[in-house]
Every structure is written in structure tokens, then in C-alpha cells.
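> So the sequences go chain by chain: F and A. Residue numbers are given in our numbering: position 288 of the first sequence equals residue 288, and the series is strictly consecutive. Every position in the second sequence, counted from 1, becomes a number in our numbering once 1000 is added. Note that the Cβ used here is the ideal one computed from N, Cα and C, for glycine as well. Predicted model only: the values in this text are computed from it and were never measured. I have a structure I would like to understand better, so I am pasting it below and will then ask my questions one at a time.
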Amino acid sequence: MKVLFLAHTEEDGSLGKAAAEALGAAKGLGGELVIGLFGAEVQKAADSVAGCGAVKFYGVAGPEFATARYGSDAAAAEAIAKAAGAEIIVAPSTSRMSRVAAGVAQRLGAKIDTRLTGLEAVGGKITATRWFYRQRMVGKIERDARPWLVTTDTGCFAPCEAAGSASVEMLTVAPATRSQVVEIIAPAADAQTIRPDAKLLLVAGAGWGKSQADGQKHVDEAARLILGLLSATQASLGSSKSLVDQSGEGAALPFLTHMHQVGQTGSTPRHPKGLATCCHGEEPHVVGWRFVGERRAINLDANCGWAQGKADVLYVADAFAVMSKLVDLLK
Amino acid sequence: MKGLQIVVLGSIVPDPLQTLEPVSGPTGPALKNELMLPAVLDPWAGHALYEAANLAKKVEGKVYLVALGPKAKLQQVMMNVAQKVPFEIVVLDGPASGFADAAETAAALAGGVEKIPGLDKSKLLVFGGWQSASRGTGAVLQMVGELLGITDQFQGVDEIAMAEDGSFTVLERIEGGSYQKSSCQGAPALLGWATGNLPEPPNNPQVGMQNMRLIMPALAKATPAPLKGEGLKYAGVELPSQRRETRVVKNAPVEDIARELADWIRA
Ligand SMILES: Cc1cc2nc3c(=O)[nH]c(=O)nc-3n(C[C@H](O)[C@H](O)[C@H](O)COP(=O)(O)OP(=O)(O)OC[C@H]3O[C@@H](n4cnc5c(N)ncnc54)[C@H](O)[C@@H]3O)c2cc1C
């Protein structure tokens, strides 16, 4: 069995963390390993995994492959996959790879399954694990068809690192595209509140924007406390649909966008710990917590969703009061 | 650019407030009482539909919805969706299951798009949700695009801004809360939408009546689209054991709670 590990390189020419993990998954299958890389440059990334046991390295590089663009990325990935002729293709589910993986599968006549959380070969049979219905149930899949292209989720496989010096066969690709990447719009470093690698997820729910015991709203105070905890802990900020919808309409916390939403129609972040504040813990929200390890919640309502087996600890208390003390303690 | 044809691909999913349970059916896994579960338009596909209608208004374009799902359930959901924005529908009568194969789903949908009378690929924008709430592969749209020969594709889109000449820029979600801004010379292109920027439109009974005049006949002549699931085997589907033993802390002084949380965060 020939296994192709397929990935893009990062802006600095290195191999990203998600890619190193996908390589770990590919290597775990135990076949003949081939590596394919594309990006502005690939040599540095190839060298960083030169000793991983791959029998061959392919690369597509050049300025037209520097940015994440469907036309050029799909063409590069297609050329590598065709040259490699592997039965199984393993790629990371980064936003860049996820944009093209299925299109590439279509070009190859391959089957595709994405965002795997498990991949193993036992007795010649490959079984893939992935989640369905927004993380509500987990299934194990087998396929007869080859090639089979899969993408793996981050945080599920041990990364493979094995530096050395690799000899890469470069392929020539002429992409057809009518698109250009113009710019990356990133929040300013001090305004960056989504931090995928943070140890702690802080979820702010709609309660922060509601009238409190004194009959008044305290949105400025809420913003100060939330940003205070983020700065003290470098936690990543998540939110509920109710609160981000309000923020979109300018009614609540100015630093929240739809990208902060966790849940059914939001994200499913991976953090070792999560703290929910002023959030009810309804099922469409909590499905987004599937991959959050230890969970605690602060809520005035002892019967909120978190109490129903969704958190390890629920503190029935006023989040304004607790957070204020907590920020002081952590400063 | 006038006269754009904006084709939205989208189907139905169980209402997110429902409890879902997998069972094994004759053709593989299914949801318990699947046909009884209340359904909604797949949320991200819904955003795509509203964005399509908004854009169509600006460019005097036309919106089509191509939906693959069980006809009877689609009809129920359309009673509500039809009141939101004007569109025409192409119905493919088949499974909307999260366990159906993405490639087979894509092939059926591409066939549905090709059937639209007067389809002009030079004016075609294909929209849809960047992931479904059922299978969640984010794979179907890309494959439909490839089948239709569209190689300018964008995923996780929250915004499109179109110029007079039909060229446009899009914002796509990437890691860490950032956006990638791209420009494209124009149709044909494919956009997988995230949440977008528009609120859900209020119900408009007049739009509903107009839509239903076309939707009912389209449902009546729905194309059967059974999916075979060839070569796809499920070794099992189960609910995770997710219940935790929640310790509920009541009437504790705020100082104690804060200290316990600080210790936990630092640990
Ligand atoms: C199609 C669909 C998709 C959805 N997708 C998502 C999704 O992706 N993500 C999501 O989050 N939701 C989603 N929802 C919505 C979800 O069902 C809930 O409505 C939402 O999560 C509620 O948000 P919340 O808990 O912040 O607000 P609320 O339900 O309003 O809860 C506010 C909480 O704050 C508490 N509170 C108030 N003041 C204080 C205080 N001083 N101290 C402590 N606690 C306080 C209250 O007790 C209450 O529990 C979806 C719904 C649908 C129909």
C-alpha cells in the first residue's frame, strides 16, 4: 500500500503543526510513505521531516503557490497526487487544505472523508473515525474504493518530526485561475481574542448583556471583565449565538463577531479547559464543546444546561462578582 | 454585471434542538425516527440563500435553490423558507442524511444544476453552506464546482462585494479569527458561506405565495435521486458517552469560587 502525505507549507517555508500531525497519521498506516508539499518554498519543510521514512518527496513551489488560492493549490495537489499514484492520501484539515481537498479528490476520481479524528490500519483494513451531525455522534468508516483521500483534524495524532536533508523532485504546474489573494486581515495583536492553541477557552454568553439584579445592563463592565480575564490568562474567547447575534447588531460587546460563536452553527474548538460564563448551556451551543476537556460554568440558574451533566462543575453565582475577583487573583 | 444566475445548494437537517440517536437501517446508519423529526433548512445553506437574494437584488439576478432531500420533508420546510426571499427551486428527491456519501451527493446536485433551464455558466455563481450540519465534510460544494468546471472557489465566506463589471472580492474565514481577502474576475465562481452578514429575513407572506406557485409544481416533478453508498461501509455509529457528573456549587462565597477557579486555571 502506497500512502501519500500531502500538505502545504507555511508562510516561512516550514511545515505547520497540523501538517506534522497529519504526517503522523499517514505514517501510522504503515505503508510505503511518499511526501508531497506545495507552497512558496518546500525544501525547509521537506528537510524537517527528511528522516520520517518516506521513500520519495515531491514538491511544487513558486510565488504563484505562496497564497491559499483554490486554482493554484488544487492544481499543485493534483499534480503531486498523480505523480505519487498512492492508494491513500492523508492531508491536514487546515483552512487552506480544506478549501481544495475535495476538489482534488474529484479530479483524481478519489473518495474523500474529511476531519478524521482517528485513522488506523489493522490487518490490511483501514478504518477512519469521524463525527456526524455537528459532533453529536461518532462513526467508523471503511471504504473499498481507492484512491481514498482523507483529512485529519488537529490534536488527534502525534506529530512526526525527523529533521535531515531531503531530495525533492520538483514538478512543474501551470495553474489556471482568475483569482488573487489580496491580503490577510488579522486582528491587531492586542485585539486577537481567538487563540486556537490556548489552554483555556472562556465562553461569554448572552447573560453578560442582560439586565442584572439592579434592573440595569452593565455591558461596559462586562467587556472590562472579559478582556481582563483574557489578558490575564491568554485564554481564547468564545461566545454563544445569542450574544454574537446581539453584538452584530451593535447592541452588545464590540469585540465579538460571528467567528467567536461556538456550537452547532459555530466552531468546535479544542482546548484542555473551558469556562462558560452567563451562558445557559443549551444543546446547540454545547455540541461545540465536544473537544473541550475539563469544563466549568458560572451561572445564576442552578437548573441551566451545564447542571445536566454538561459541565464538571457548575458554580451557581453572579459571574460579574466572580470574574471581578478572579481577574484580581490572576493578574 | 446584470443577470447573474445564483444557484444555492442546500437541504434540510434535523432541528438542532432535537435529540438525535443513530440506528442501523437497511442501507446503513440512519437517525431514529428520521422522518418524524422536525427539520429546518441547513443553517449555513440558509445564510447562503439570504446572501444570494441580497446580491440578486443588487444585480438584477435570479436565485435558484437546488435541494436534495426527501420530497415530503422538503415541502414542509419550504412552507417557511419560501416566505423569506424570492427563489425558484429544483428538487431532487433523495436522502438528506449525514451518512450519505459526499461524492454521490455532489454528482446528484451537479446534475440538478445542469437541468436549470437557460443556465449560462458565464453568469453562474454557485452558493451553499461551507459545511452541512449533517455530514459536515465541507466536500460537496467543491466537487460540484469541479463537475461544473468552476475553478475559482472560496470557502468560509462571510462577505462578497461586487463591482459594476461583475468582478468581486470575498472574505474567507481562516485560522485564528482572521480573514483572507481575495479578488476574482467574476462568474463563474463558487462560494461556500459561513454566517455572512445578514440577519434572517422576516417572513413575507406575499413572497411566500409567489414562491409557492413555482415550488409546488417543482416538488411534483422532483427528479428521483437515490444514492447508492457504493463502497462505503460503516463499522458503527454511536453516541459518545458525554454525561458528566456535574458538581453543583451553591451558596459558596464569591472569594472561595474565585480562588478555586484561579487554582484550576493555573494548574
Ligand atoms: C438552528 C440553530 C442553530 C443554533 N446554533 C447555535 C450555536 O452554534 N451556538 C450557540 O451558542 N447557540 C446556537 N443556537 C442557539 C441556542 O439554542 C441558544 O439559544 C443559545 O446558545 C443561548 O445563548 P446563551 O446561553 O448565551 O443565552 P441565554 O439562553 O439567554 O442564557 C443566558 C444565561 O445567562 C445567565 N446569566 C444572566 N446573568 C448572569 C449573571 N450575572 N451571572 C451568571 N449567569 C447569568 C442566565 O441564567 C442564563 O442562563 C442555535 C439555535 C438554532 C435554532
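Quick check on this structure: which residue in Leu-1141/A, Val-1157/A, Glu-1245/A, Ala-1100/A has the alpha carbon closest to the alpha carbon of Glu-1230/A?
Indexing the second sequence from 1 puts residue 1230/A at position 230. Of the candidates Leu-1141/A, Val-1157/A, Glu-1245/A, Ala-1100/A, the one whose C-alpha sits nearest the C-alpha of Glu-1230/A is Ala-1100/A.
> Pro-1158/A: beta carbon under 7 Å from a heavy atom of ligand 1?
Against the second sequence, residue 1158/A aligns to sequence position 158. Inspection of the sequence shows that residue 1158/A is occupied by Asp rather than by Pro. It does not: the Cβ of Asp-1158/A is nowhere closer than 7 Å to a heavy atom of ligand 1.
> CB Val-1237/A to CB Phe-38/F, shorter than 8 Å?
Counted from its first residue, the second sequence places residue 1237/A at position 237. Counted from its first residue, the first sequence places residue 38/F at position 38. A distance of 8 Å or more separates the beta carbons of Val-1237/A and Phe-38/F.
> Find the residues of chain F that neighbour Leu-1017/A, judging by a C-beta separation of less than 7 Å, and give them in chain order.
As a working note, residue 1017/A is residue 17 in the second sequence. Within chain F, Glu-283, Pro-284 have C-beta atoms less than 7 Å from the C-beta of Leu-1017/A, given in sequence order.
> Say the cut is 7 Å; is the CB of Gly-51/F nearer than that to a heavy atom of ligand 1?
Working through the first sequence from its first residue, we reach residue 51/F at position 51. Gly-51/F: no, Cβ never under 7 Å from ligand 1.
> Using beta-carbon positions only, say whether Lys-1123/A and Leu-1004/A come within less than 8 Å of one another.
Position 123 of the second sequence, counted from the start, is the residue given in the question as residue 1123/A. Position 4 of the second sequence, counted from the start, is the residue given in the question as residue 1004/A. Cβ atoms of Lys-1123/A and Leu-1004/A: closer than 8 Å.
> List the residues of chain A whose Cβ lies closer than 9 Å to the Cβ of Ser-239/F, in chain order.
The residue given as residue 239/F occupies position 239 in the first sequence. By Cβ distance, chain A contributes nothing, its closest Cβ being about 12 Å from Ser-239/F, past 9 Å.
> Determine the chain A residues that contact Lys-310/F at a beta-carbon separation under 9 Å, and present them in chain order.
Locating residue 310/F in the first sequence gives position 310, where the first residue counts as 1. Ordered by position in chain A, the residues that pass the 9 Å Cβ test against Lys-310/F are Gln-1242, Arg-1243, Arg-1244, Thr-1246.
> Can you tell me the Cα-Cα spacing of Lys-1002/A and Ala-1107/A, whole angstroms?
Here residue 1002/A is taken as the residue at index 2 of the second sequence, counted from 1. Here residue 1107/A is taken as the residue at index 107 of the second sequence, counted from 1. So the two alpha carbons sit approximately 29 Å from each other.
> With a threshold of 6 Å on Cβ separation, who are the neighbours of Ile-35/F within its own chain once the five nearest residues in sequence on each side are excluded?
Stepping through the first sequence from its first residue, residue 35/F is reached at position 35. So the qualifying residues of the chain are Phe-5, Ala-54, Phe-57.
> Looking at Pro-284/F and ligand 1, is the gap between the Cβ and the nearest heavy atom below 7 Å?
On the first sequence, residue 284/F is found 284 positions in, with the first residue counted as 1. Yes; taking the cut-off as 7 Å, the Cβ of Pro-284/F has a heavy atom of ligand 1 nearer than that.
> Can you pull the chain F neighbours of Glu-1060/A, defined as C-beta to C-beta under 9 Å?
For the purposes of this step, residue 1060/A is identified with residue 60 of the second sequence, where counting begins at 1. What Glu-1060/A touches in chain F: nothing, since even the nearest Cβ is about 23 Å away.
> Looking only at its chain, what residues have a beta carbon closer than 8 Å to the beta carbon of Pro-254/F, apart from the 5 residues adjacent to it on each side?
Locating residue 254/F in the first sequence gives position 254, where the first residue counts as 1. The answer, listed in chain order, is Ala-223, Ser-247.
> Can you name, in chain order, every residue of its own chain whose Cβ lies under 8 Å from the Cβ of Pro-1022/A, other than the five neighbours on each side?
Along the second sequence, one-based indexing puts residue 1022/A at 22. Correct list, in chain order: Pro-1029, Ala-1030, Leu-1031, Lys-1032, Val-1237, Glu-1238, Leu-1239.
> Taking C-alpha atoms, which residue in Ala-174/F, Val-219/F, Val-287/F, Leu-330/F lies nearest to Thr-1019/A?
Working through the second sequence from its first residue, we reach residue 1019/A at position 19. Ranking the options by Cα distance to Thr-1019/A, first place goes to Val-287/F.
> Between Ala-84/F, Ala-83/F, Ala-61/F, which has its C-alpha nearest Asp-73/F's C-alpha?
Looking up residue 73/F in the first sequence gives position 73. Here the closest residue by C-alpha is Ala-61/F.
> Can you confirm whether Lys-1084/A, when its beta carbon is compared against all beta carbons of chain F, has any partner nearer than 8 Å?
Taking the first residue of the second sequence as 1, we reach residue 1084/A at position 84. By this cut-off, Lys-1084/A is not an interface position.
> Under 8 Å Cβ-Cβ, which residues of chain A neighbour Gly-224/F?
Residue 224/F sits at position 224 when you count from the first residue of the first sequence. The question names Gly, but residue 224/F in the sequence shown is Arg. Result: empty, since nearest Cβ-Cβ is about 16 Å, beyond 8 Å.
> At a cut-off of 7 Å, would you count Phe-1087/A as near ligand 1, judging by its Cβ distance to the nearest heavy atom?
Numbered from its first residue, the second sequence carries residue 1087/A at position 87. Incorrect: Phe-1087/A has no Cβ contact closer than 7 Å to ligand 1.
> Please name the residues in the segment 167-188 of chain F whose beta-carbon is closer than 8 Å to at least one beta-carbon of chain B, in chain order.
Here chain B cannot be found, since the structure's protein chains are F and A.
> Name the residue from Lys-1073/A, Phe-1087/A, Gly-1156/A, Met-1078/A whose alpha carbon lies nearest to the alpha carbon of Leu-1094/A.
The sequence position of residue 1094/A within the second sequence is 94, counting from 1. The amino acid at residue 1094/A is misidentified as Leu; the sequence shows Gly. Residue Lys-1073/A is the option with its Cα nearest to Gly-1094/A.
> Could you give the residue range of the alpha helix (DSSP H) that holds Lys-1071/A?
By one-based count along the second sequence, residue 1071/A stands at place 71. Start and end: 1071-1081.
> Identify which residue in Ala-105/F, Thr-193/F, Gln-180/F has its Cα closest to the Cα of Glu-1175/A.
Here residue 1175/A refers to the residue found at position 175 when the second sequence is read from its first residue. Among Ala-105/F, Thr-193/F, Gln-180/F, the Cα nearest to that of Glu-1175/A belongs to Thr-193/F.
> Which full runs of the alpha helix (DSSP H) of 4+ residues lie inside the segment 227-303 of chain F, going along the chain?
Whole alpha helix (DSSP H) segments, 4+ residues: 241-248, 283-286.
> Out of curiosity, what's the CA-to-CA distance linking Ala-128/F and Glu-21/F?
As a working note, residue 128/F is residue 128 in the first sequence. As a working note, residue 21/F is residue 21 in the first sequence. If I take the Cα positions, the gap works out to 15 Å.
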